[in-house]
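Protein chains in written order, with numbering that gives the first Met the number 0: chain A, 0 to 403; chain B, 0 to 411.
Beta carbons: idealized from backbone N, C-alpha and C, even for Gly.
All remarks here apply to the structure that follows.
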Amino acid sequence: MAAIQKFQFQNSPGGVAKLREKLSQTLFPDELEDATWDYGVPLQDVKRVAAYWRDDFDWKKFEDRINKLPNYKASVTVDGFDPLEIHFVHKRSSKNNAIPLLFLHGWPGSFLEVEKLLPLLINEKQSGGASFHIVAPSLPNHGFSSGVKSRGFGLSQYSEAMHKLMLSLGYDQFACAGGDWGMCIGRVMSQRFPTSLKVCYYSLVPSTPPSPATPWTFVPFLIKHLLKMYTAAESEGLARSQEFQKTGMGYYQLQTTRPQTIGYLLADSPVGLLAWIYEKLRDWTDNYPWTDEEICTWVSMYWFSTAGPAASVRLYYESLRGEFPTKSGGYVPHVKLGLAYFPKEIFRLPKAWGSSLGEVVFEHEHERGGHFASWEVPEGVAGDLQVMFGKGGGAYGAVKVDKN
Amino acid sequence: MSPIRPYTIRVSQTEVDKLNQKLALSEFPNELEDAGRNYGAPLGEVKRLVTFWKDVFKWSVVEKEMNKLPNFETTIDVDGFGPLDIHFLHEVSSVKTAIPLLFVHGWPGSFLEVTRLLPFLQESAKNHGPAFHVVAISLPNFAFSSGVTKRGFGLQHYAEVCHKLMLVLGYYEYVTCGTDIGSSITRLMSKLYPSSLKALYTNLVPALPPSPWSLNPFPFLSFLARHILNLYTPAEKAGLEYTRYFQKEGMGYYNLQTTKPQTVSYALVDSPVGFLAWMWEKMHDWTDGYVWSDEEVCTWVSLYWFSRAGVESGLRLYYESTRGDEPARAGGYIPHTKLGLAYFPREMFRLPKAWGHGLGNVVYEKEHKKGGHFAAWEVPEAVAGDLIAMFGKDGGAYGCVKGNAGYASQPS
């Protein structure tokens, strides 16, 4: 089994000094009059946050906040690749029959997205609600986990790494919660390891319209679609999804095809990285009032990641190739699904389509929240998980727990 | 209109020092083992080019050479956007009745692309072939022309500036040679200024399949039959395959620049390494095995880095070109302007020649065996050869410009 060690994060004084020097040497572009957010992140916003990052960001606080969490590292070997050191947060419930829950982040997120959920989920005093043992890793190539050195580390490999991590912690059966890549990795994991991964909760729902092959869902879909009988929320969601496809996928097209080229920019220009990430933090959320500190925390997680920011976008390239490309799966049997719909998610499709993914045992349409739901509306996400896994919930008892 | 002034390129030493300062602070990413070119510009190449740019390349020497060219500047007013200073090359032929030819570059090209054509065109003039008065514009937002500060400067405005420049120079009728977005701009010019733009030559032929709605059903039916029965020639099949591949794998920059140019500009403006990689990837991938010297690469990149309006301004053309009244659009038959279409094997889109006939009155067409997107740079003799053939005495566009047929004595 992989040797598990406690991990303590330390700022690199040399790294911070170099960052500050680079920020001081920043060359800024100009901007068109009345550009607003239409062309990308506005100049004044980038300048403001860059100045904050250089002069006011509290590095000690950054370090402390990470180290307040129970951090560990374990060595994991994925078939065909050199061993990786996987960083993860591991918080066990005091209840022995708690459900092991693997919380997976995406891009440009991090393990830190679990920070707000922890106090809500590890609630020893409450009875009746579900209890969880939480594992929140840094994905390979992200945060404080190793970078991958060779080609072909795709969704299958990410899922294998995460599966092996959970096994090494003694969790033979577990549940998974995720959005963005976390959701995709969860889906592949549920296809590859159905005896281990029993329940998945997705905050980003990649459903497809019902197929003509299942007329009992297809005909209602067709009727609804032709007669435009979607709810207001669903119509808005469809429109938003289409708009995102049209104007919000440039970064995706680039990262899935030329990650090395964009990598040079992200590795050399902190302001460039900042703008690249900040645009998504704003565009993909539900008017979440990001503080400059939060933005810089998220960006610093990439600037000071073990593998470097350029490595993080390679998942996009690999995800379209290999054994389990992003669009694979369709209906995945044996795994119970909890689907959460957030109004400002990047794509938000009609609820009826969710049944194309698998056995849906829980479903909740939220009033607020977007792509980073665990950060924006942690009570919403925690509430979902409590209900879903609690007594009477659709996933109650689905994960067999050892009373160890 | 404003007078024409000689122009001297003069990038300040401060700018040059700033670049070197930044290059010295460069931080490189790593690279996957055996990445090759699959993930983007290879690390070894980028490092080598950056080292050359920092330690060997001397902008002052390059600038001196560029100043030997006939550089000029004029001011052109565009309604709603104010006066713009436009830099251009203007080589006047010794043959007074030479054909006025406007060369329109694209991205990441520049006016410099025309310079390789000049010796061949001059040779033609000497050898009793057609002669040309050559104008090579720096589009607004590029090289030494002004930047635009307001939103909405679309393809029709670029077309307007190009047209007005020719008028200012006294060329009321003229022909064009357009590459990359210059192809779209010149096509739009032919639509907006049909009495001026008499003939158009391009190596980027963004044709669409024949439309089912045109008056003559034959091209569409023929296309349909060929497509369904897969009756393309091997060359056409290979071309279609490559076009599909390019659409799938090579258009990330395009998708980004047409939607969020400002977001990517922060990185491109702040990181010379990043900007070089951004450009170099295209310069390599879009050409036909052309062996770029480090000097050439750094020259092209420096023209953007030291441009008057900054690298960010050129990107906005992409955003504006997909919006507004005249978005970049292939297809559509534009009458009156004679067309010369050149097909190079490593161009981004290589579509069956029959589709090109849907664009207009094709009077010249050539399928080349070598060359790519920057044909005038890679295979200047071929491009010059096309122009000479197209506009020469036996060519389909001969005599299209009244009084300027390109020969010392008027055609009988």
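Taking residue i as the query, report the chain B residues whose CB atoms sit under 9 Å from its CB, ordered along the chain.
{"i": "Gln-252 of chain A", "result": "Met-250, Gly-251, Tyr-252, Tyr-253, Asn-254, Leu-255"}
{"i": "Val-242 of chain A", "result": "Checking the displayed sequence, the identity of residue 242 of chain A turns out to be Glu instead of Val. The contacting residues do not exist; Glu-242 of chain A stays about 11 Å from chain B at best."}
Within 8 Å (strictly less), CB to CB, does residue i reach chain B?
{"i": "Leu-138 of chain A", "result": "no"}
{"i": "Arg-150 of chain A", "result": "yes"}
{"i": "Gly-32 of chain A", "result": "For clarity, residue 32 of chain A is Glu in the given sequence; the question names Gly instead. It does: the Cβ of Glu-32 of chain A has a partner Cβ on chain B nearer than 8 Å."}
{"i": "Met-0 of chain A", "result": "Interpretation of Met-0 of chain A is limited by its pLDDT of 45, a score under 50 that renders its predicted location unreliable; no figure is taken from the coordinates."}
{"i": "Val-48 of chain A", "result": "no"}
{"i": "Arg-430 of chain A", "result": "Beyond the ends of chain A as shown, which are 0 and 403, falls residue 430 of chain A; an answer cannot be given."}
Could you tell me the alpha carbon to alpha carbon distance between residue i and residue j, rounded to whole angstroms?
{"i": "Lys-352 of chain B", "j": "Thr-178 of chain B", "result": "18 Å"}
{"i": "Pro-82 of chain A", "j": "Gln-246 of chain B", "result": "36 Å"}
{"i": "Lys-53 of chain B", "j": "Leu-302 of chain B", "result": "15 Å"}
{"i": "Met-389 of chain B", "j": "Ser-144 of chain B", "result": "31 Å"}
{"i": "Gly-14 of chain A", "j": "Thr-305 of chain A", "result": "12 Å"}
{"i": "Asp-76 of chain B", "j": "Thr-148 of chain B", "result": "14 Å"}
{"i": "Asn-403 of chain A", "j": "Leu-237 of chain A", "result": "The predicted position of Asn-403 of chain A is uncertain, since its pLDDT is 48 and thus under 50; no value can be drawn from it."}
{"i": "Pro-410 of chain B", "j": "Cys-176 of chain B", "result": "Caution applies to Pro-410 of chain B, whose pLDDT of 48 falls short of 50 and renders its modelled position unreliable; the model cannot decide the point."}
{"i": "Gln-24 of chain A", "j": "Phe-102 of chain B", "result": "38 Å"}
{"i": "Pro-28 of chain A", "j": "Glu-235 of chain A", "result": "35 Å"}
{"i": "His-412 of chain B", "j": "Arg-4 of chain B", "result": "Residue 412 of chain B cannot be examined here, being either before or after the span of chain B that is shown, 0 to 411."}
{"i": "Tyr-395 of chain A", "j": "Pro-260 of chain B", "result": "48 Å"}
{"i": "His-356 of chain B", "j": "Gly-339 of chain B", "result": "10 Å"}
{"i": "Ile-121 of chain A", "j": "Phe-192 of chain A", "result": "26 Å"}
{"i": "Leu-203 of chain B", "j": "Ala-160 of chain A", "result": "46 Å"}
{"i": "Ala-381 of chain A", "j": "Ile-184 of chain A", "result": "20 Å"}
{"i": "Pro-69 of chain B", "j": "Thr-7 of chain B", "result": "9 Å"}
{"i": "Glu-112 of chain B", "j": "Ala-374 of chain B", "result": "9 Å"}
{"i": "Ser-92 of chain A", "j": "Tyr-170 of chain A", "result": "14 Å"}
Assign residue i to one of two classes, buried (16 or more other C-beta atoms within 10 Å of its C-beta) or exposed (fewer than that).
{"i": "Val-218 of chain A", "result": "exposed"}
{"i": "Trp-299 of chain B", "result": "buried"}
{"i": "Asp-16 of chain B", "result": "exposed"}
{"i": "Pro-214 of chain A", "result": "exposed"}
{"i": "Ser-109 of chain A", "result": "buried"}
{"i": "Ser-11 of chain A", "result": "exposed"}
{"i": "Met-278 of chain B", "result": "buried"}
{"i": "Lys-392 of chain B", "result": "exposed"}
{"i": "Met-0 of chain B", "result": "Confidence is the limiting factor: at Met-0 of chain B the pLDDT is only 49, short of 50, which leaves the residue's position unreliable and the question unanswerable from this model."}
{"i": "Met-421 of chain B", "result": "Beyond the ends of chain B as shown, which are 0 and 411, falls residue 421 of chain B; an answer cannot be given."}
{"i": "Arg-243 of chain B", "result": "exposed"}
{"i": "Gln-7 of chain A", "result": "exposed"}
{"i": "Gln-43 of chain A", "result": "exposed"}
{"i": "Met-65 of chain B", "result": "buried"}
{"i": "Lys-5 of chain A", "result": "exposed"}
{"i": "Thr-35 of chain A", "result": "exposed"}
{"i": "Met-0 of chain A", "result": "Caution is warranted here: a pLDDT of 45 is assigned to Met-0 of chain A, below 50, making its placement in the model unreliable, and no coordinate value can be reported."}
Give me the chain B residues within the contact set of residue i, using Cβ-Cβ distance strictly less than 8 Å, ordered along the chain.
{"i": "Trp-275 of chain A", "result": "Thr-262, Val-263, Tyr-265, Ala-266"}
{"i": "Val-270 of chain A", "result": "Tyr-265, Ala-266, Asp-269"}
Can you pull the chain A neighbours of residue i, defined as C-beta to C-beta under 8 Å?
{"i": "Phe-27 of chain B", "result": "Tyr-263, Ala-266, Asp-267"}
{"i": "Glu-30 of chain B", "result": "Gln-259"}
Against residue i, what residues of chain B qualify as contacts under a CB-to-CB distance less than 7 Å, listed in chain order?
{"i": "Met-248 of chain A", "result": "Asn-254"}
{"i": "Glu-405 of chain A", "result": "Lying before the first or after the last residue shown, residue 405 of chain A is absent from chain A, which here runs from 0 to 403."}
{"i": "Gly-392 of chain A", "result": "In chain order: nothing, as chain B lies at least about 41 Å away."}
{"i": "Thr-260 of chain A", "result": "Gly-39, Ala-40, Ala-276, Trp-277, Glu-280"}
So is residue i in contact with chain A if we call contact Cβ pairs under 8 Å?
{"i": "Arg-47 of chain B", "result": "no"}
{"i": "Ser-270 of chain B", "result": "yes"}
{"i": "Asp-33 of chain B", "result": "yes"}
{"i": "Leu-24 of chain B", "result": "yes"}
{"i": "Arg-150 of chain B", "result": "yes"}
{"i": "Ser-411 of chain B", "result": "Here Ser-411 of chain B scores only 47 on pLDDT, less than 50, and its place in the model is too uncertain to base an answer on."}
{"i": "Gly-273 of chain B", "result": "yes"}
Which chain A residues are close to residue i, counting only those with a beta carbon under 9 Å from its beta carbon?
{"i": "Gln-20 of chain B", "result": "Gln-24"}
Taking 7 Å as the cut-off, does the CB of residue i come closer than this to any heavy atom belonging to the ligand SAH?
{"i": "Val-187 of chain A", "result": "As for the ligand SAH, it is missing from this structure, which has no ligand bound."}
Run down chain A in chain order and give the residues with a C-beta less than 7 Å from the C-beta of residue i.
{"i": "Glu-311 of chain B", "result": "Pro-28, Asp-29"}
Below 9 Å between beta carbons is the criterion; list the residues of the stretch 5 to 28 of chain A that meet it against any residue of chain B, in chain order. Lys-17, Glu-20, Lys-21, Gln-24, Thr-25, Leu-26, Phe-27, Pro-28
At a CB distance below 9 Å, what residues from the stretch 306 to 317 of chain A approach chain B? Give them in sequence order. Ala-306, Gly-307, Pro-308, Ala-309, Ala-310, Arg-313, Tyr-316
Cβ-based contacts, 8 Å cut-off: residues of the stretch 314 to 326 of chain B near chain A: Arg-315, Tyr-318
Contact set between the stretch 117 to 145 of chain B and chain A, restricted to residues whose Cβ is under 7 Å from the partner: none
Between the stretch 38 to 62 of chain A and chain B, which residues of the former have a C-beta closer than 7 Å to a C-beta of the latter? Tyr-38, Gly-39, Val-40, Val-45
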